[in-house]
Structure formats: structure tokens, C-alpha cells
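So the structure is just underneath, and the comments pick up after that.
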Amino acid sequence: MDPPPLRPPLMEELVEEVLLRVSPDDPATLVRAAVGCKRWCRLISGATFRRRFRELHPAAPMLGFLYARRSGTDFVPASSFRPPHAFREDWNAIDARHGRVLVVALESFSPTGTRFIVWDPVTDGAQSLPILEFRPYSWGDAVLCATAGCDHLDRRGGPFLVVVVVTDVSQMRTSAYEYSSDQGTWSEPITVQHPNDWIMIRLHAHVGNALYFNYGLMILKYELGKRELAFIDLPSEFHARHMVLMQAEDGGLGFATIQESKLSLWSREAGADGYAGWAQQRVIDLDKLLPVSDCNISVSPYVYAARPPYVVAVADNVGVIFIGKDDGLFTVHLNSGRAERIVVESNSNFKVVPYKPTRISCAAPTALLFYVLELDKCLHLVMYTFALILLHYLCSPVP
């Protein structure tokens with residue numbers, strides 16, 4: 001009896017449309033498809049597919065987040081991406097932007113100086129910066145790309161900046177230092193006097209060509225390029241409230257806060273008189289999203305009382321907000337309205353740094369290369385060679 005006829009292969013146009021819709025935060029799936037079929041491999045590594053994939057997924061995905069623990073920093077994945085070293089002992093992650101992570105070496109911290117390290121989780125490369133000598137009461141930090149006109153999607157490496165803002169409680173002043181990788185040194189500080197005695201610097205946001213630091217009673221603005229400091233007023237009802245600065249949906253400055261179990265998103269808008277004010281853009285009822293506190297969760301001896309839900313961090317351009325509760329850490333996805341618990345433990349002061357790559361096409365093959373090496377140590381050398389060739393094609397510039 002003759003075997004049944006083989007089914008005709010799927011039309012390449014249909015295969016391309018399916019593969020284009022693979023989520024960029026699941027890079028392993030895309031490269032697994034290329035490994036399993038020669039036709040699909042040619043399709044995925046082609047310039048047309050790469051161009052269309054970037055057009056369909058213009059924003060870099062959140063590959064995970066860095067979770068600060070007492071003994072170091074732990075990378076918690078939100079996709080199939082796994083860095084070579086997921087846990088870094090004696091490192092405290094404080095910021096991540098444009099594919100880089102800014103950390104503090106805990107063993108080097110002292111009242112007279114601090115050593116900062118810039119780390120790339122994808123390549124595992126780390127650059128130690130010169131010790132910055134300062135004695136702050138409070139401080140905030142940021143790392144960002146220094147290439148003019150860069151969209152931060154099609155570039156890896158290159159020059160970067162690190163900005164450190166510190167307060168001096170004895171002098172009642174705030175100073176800003178800037179490190180340039182091109183120069184290899186810290187700049188001389190620029191200084192501004194405190195307008196009040198509330199000087200606790202909190203999380204910051206990068207909007208346009210400026211960094212904005214939550215200063216408690218107001219917002220401190222650091223203008224990049226000009227290296228100027230200025231203060232922005234906050235409404236009085238938010239002076240004593242925990243809030244996290246963010247990039248608003250319109251691209252301007254905004255913040256997220258929780259009021260009576262409701263997540264509120266605000267943005268700064270120019271009024272008819274030319275003066276900028278704050279307007280509420282969105283309200284989300286957390287009682288309908290987050291579960292009731294689990295009484296079985298063990299309570300840390302350092303937690304003395306249950307704390308109301310609070311905003312921990314915001315992943316800009318991804319639509320994900322991290323919320324801390326007395327029974328765990330949650331994420332709220334603004335686009336889908338979905339919420340999930342990602343850390344099951346009691347902590348009254350979660351410290352989270354979202355991580356996004358600079359380049360979708362580089363993150364995908366690199367992540368799967370780690371995936372292949374981890375799952376099958378005995379793969380044939382041809383498979384390793386294929387993975388490296390695919391890595392080269394996907395990371396090369398699109399003509």
C-alpha cells in the first residue's frame with residue numbers, strides 16, 4: 001500500500017506572519033523555530049523579516065527585573081532570557097536603562113566614597129567606575145546612553161553617562177556629579193541650595209533630555225547637556241505620599257501613586273496661562289485586581305505592621321507597574337488590565353529595577369544561545385556553529 005501523500009508545506013507568507021507575532025519577550029521561541037526548519041531559518045535571518053519584526057515590535061520588551069536582597073542583587077526573568085550570572089553577590093542594583101545596569105559594590109561603600117559599576121546582563125560585561133568621594137545624607141543615581149540621536153533599539157555598547165545626585169545635610173545643599181565614559185572621570189559638582197528641610201531623594205524618571213528625582217515635597221530636575229538643577233512643585237496632597245516618577249503616556253513627565261486602594265496615574269500638562277500643572281489621567285481599582293492578603297505568608301521580623309499597597313517601580317514604555325503589599329510583589333499590566341504576584345514573601349520595602357535590552361534583535365539570539373547551552377550540554381558542534389551564525393545575522397544592521 002502506497003504511503004499517504006505528503007502535505008504541501010505551509011505558504012512562506014503565512015509562516016512569516018505567524019513568526020512575526022512571536023512576542024519579543026520570549027526570544028527562545030523564535031530561534032527554536034529557526035533551529036527546527038531550514039526554510040524558517042532562512043526566513044528569520046533575512047533582512048525583510050528583521051525589518052518587519054522591528055516595525056511590529058518597536059519598543060524593547062522587559063526581559064526581567066533586578067531584585068535587591070540583603071546579600072546582593074537577583075535577576076528575576078520575565079521571559080526566556082537568562083543572564084549568565086543571575087545572582088550577583090555584594091551588588092546593589094539601583095538603575096537600569098538602555099541595556100545597562102548601574103550597581104553599587106556593597107563591600108566598597110563607605111562614608112567617604114562609593115564605587116559604582118555599569119553591568120550589561122546580556123554580555124555579562126562590567127565596568128568599574130572611579131570611586132566618587134562624597135558623604136551624602138541621601139542620594140539618587142541614573143545610567144543612560146550618551147549617543148546623540150540614538151533610539152536605544154539598534155545599538156549596543158557605545159558611550160554612556162552616569163549621574164549621581166547627593167544631598168549634604170550639614171550644608172543644606174544638593175550636588176550633581178556626572179561621569180562620562182568618553183572622559184573616564186567624574187565632573188566637578190554643580191550645587192543648589194535646599195528650599196526646605198525635606199531632602200530624601202527617591203526614584204527618578206528619564207523624560208526627554210532631563211532626569212527627574214522625587215525630592216519628597218517637590219521634584220528635582222537635572223537638565224542633561226546643560227547640567228542645570230531646578231525644582232518643580234508638587235501638589236500639597238502628595239507631599240507625604242509614596243509616589244514613583246515615570247514617563248506619561250503622552251511622553252511627558254508623570255507619576256504613579258496609590259490612593260485608597262486605587263492606582264492613580266498623573267501627568268504634567270501646560271495650562272492655558274502657560275504654567276504647567278498636574279492632571280489625573282487614569283485610575284485603576286486595585287481591589288478588583290490584587291488578591292486579599294494571604295495569612296499564610298510568613299512575616300519578616302523586620303516588618304512591624306502591615307503596610308498599605310504602594311508603587312515600587314514603573315517599567316516605562318512597557319506599561320508595567322510594580323506594586324508592593326505585605327504578602328508579596330505584584331505587577332499590573334496597564335494594557336491588558338492583568339495583575340499577577342511575582343514574588344511571594346513579606347517585605348515592607350521592595351527594591352526593584354526593571355530591565356530592558358537596547359536591541360530586540362540582539363537580545364533574542366543571545367538569550368536563546370544561553371538557553372541552548374543550558375538545556376543540552378552535549379549538543380553537536382554544528383548546533384553551536386549554527387547558533388553563532390544566526391546570532392551574527394540577527395544582530396547585523398538591516399540594509
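Here the numbering used here is used: the first residue of the sequence shown is 1, the next is one more, and so on. Heads up, the beta-carbon is just placed ideally off N, CA and C, and yes, glycines get one too. In this text, all values refer to a predicted model and were calculated from it rather than measured experimentally.
For residue i, does the count of other Cβ atoms within 10 angstroms reach 16, so buried, or fall short, so exposed?
| i | result |
| --- | --- |
| residue 370 | Bear in mind that a pLDDT of 43 at residue 370, under 50, signals an unreliable position, so the number given afterwards is only what the model happens to contain. The residue in question, residue 370, is buried, as its Cβ has 16 or more Cβ neighbours within 10 Å. |
| residue 275 | exposed |
| residue 85 | exposed |
| residue 267 | buried |
| residue 340 | exposed |
| residue 214 | buried |
| residue 50 | buried |
| residue 378 | Residue placement at residue 378 cannot be trusted, given a pLDDT of 42 that sits under 50; the coordinates are not used to answer. |
| residue 95 | buried |
| residue 39 | exposed |
| residue 283 | exposed |
| residue 100 | buried |
| residue 4 | exposed |
| residue 184 | exposed |
| residue 291 | exposed |
| residue 8 | exposed |
| residue 331 | buried |
| residue 141 | buried |
| residue 336 | exposed |
| residue 18 | exposed |
| residue 64 | buried |
| residue 121 | buried |
| residue 344 | exposed |
Do residue j and residue i come within 9 Å of each other at the CB atom, strictly closer than that value?
| i | j | result |
| --- | --- | --- |
| residue 253 | residue 321 | no |
| residue 93 | residue 66 | yes |
| residue 175 | residue 159 | no |
| residue 238 | residue 177 | no |
| residue 203 | residue 163 | no |
| residue 14 | residue 22 | no |
| residue 207 | residue 313 | no |
| residue 316 | residue 247 | yes |
| residue 357 | residue 61 | yes |
| residue 166 | residue 139 | yes |
| residue 324 | residue 311 | yes |
| residue 230 | residue 220 | yes |
| residue 54 | residue 75 | no |
| residue 278 | residue 235 | yes |
| residue 189 | residue 261 | no |
| residue 334 | residue 352 | no |
| residue 113 | residue 90 | no |
| residue 289 | residue 338 | yes |
| residue 116 | residue 129 | yes |
Along the beta strand (DSSP E) that carries residue i, what are the first and last residues, could you check?
| i | result |
| --- | --- |
| residue 325 | 320-325 |
| residue 173 | 173-180 |
| residue 102 | 100-105 |
| residue 6 | Where residue 6 is concerned, there is no enclosing beta strand (DSSP E), given that its DSSP letter is neither H nor E. |
| residue 89 | 87-89 |
| residue 314 | 310-315 |
| residue 72 | 72-77 |
| residue 125 | 125-128 |
| residue 117 | 116-120 |
| residue 330 | 328-333 |
| residue 183 | No beta strand (DSSP E) holds residue 183; DSSP gives it neither H nor E. |
Provide the residue span of the alpha helix (DSSP H) that contains residue i, from first to last.
| i | result |
| --- | --- |
| residue 50 | 47-56 |
| residue 340 | Here residue 340 belongs to no alpha helix (DSSP H); instead the beta strand (DSSP E) covers 338-343. |
| residue 169 | Unbroken run through residue 169: none, as it is neither H nor E. |
| residue 15 | 12-20 |
Considering only DSSP beta bridges, list what residue i is partnered with.
| i | result |
| --- | --- |
| residue 231 | 220 |
| residue 415 | Residue 415 cannot be examined here, being either before or after the span of the chain that is shown, 1 to 399. |
| residue 35 | In the DSSP output, where bridge partners are listed per residue, residue 35 has none listed. |
| residue 281 | Answer by DSSP bridge pairing: none, since residue 281 is not bridged. |
| residue 145 | 160 |
| residue 354 | 65 |
| residue 205 | 212 |
| residue 307 | Answer is none; residue 307 lacks a bridge partner. |
| residue 132 | 114 |
| residue 276 | 270 |
| residue 42 | Paired residues: none, contrary to the question. |
| residue 253 | 247 |
| residue 29 | Its beta-bridge partners do not exist; DSSP assigns none. |
| residue 190 | 176 |
| residue 95 | 102 |
Given the structure, does residue i come close to the ligand FMN, in the sense that its CB is under 8 Å from one of the ligand's heavy atoms?
| i | result |
| --- | --- |
| residue 289 | Ligands displayed in this structure: none; no statement on the ligand FMN is therefore possible. |
Under 9 Å between C-beta atoms, does residue i make it to chain E?
| i | result |
| --- | --- |
| residue 214 | Here there is only one protein chain, and chain E is not present. |
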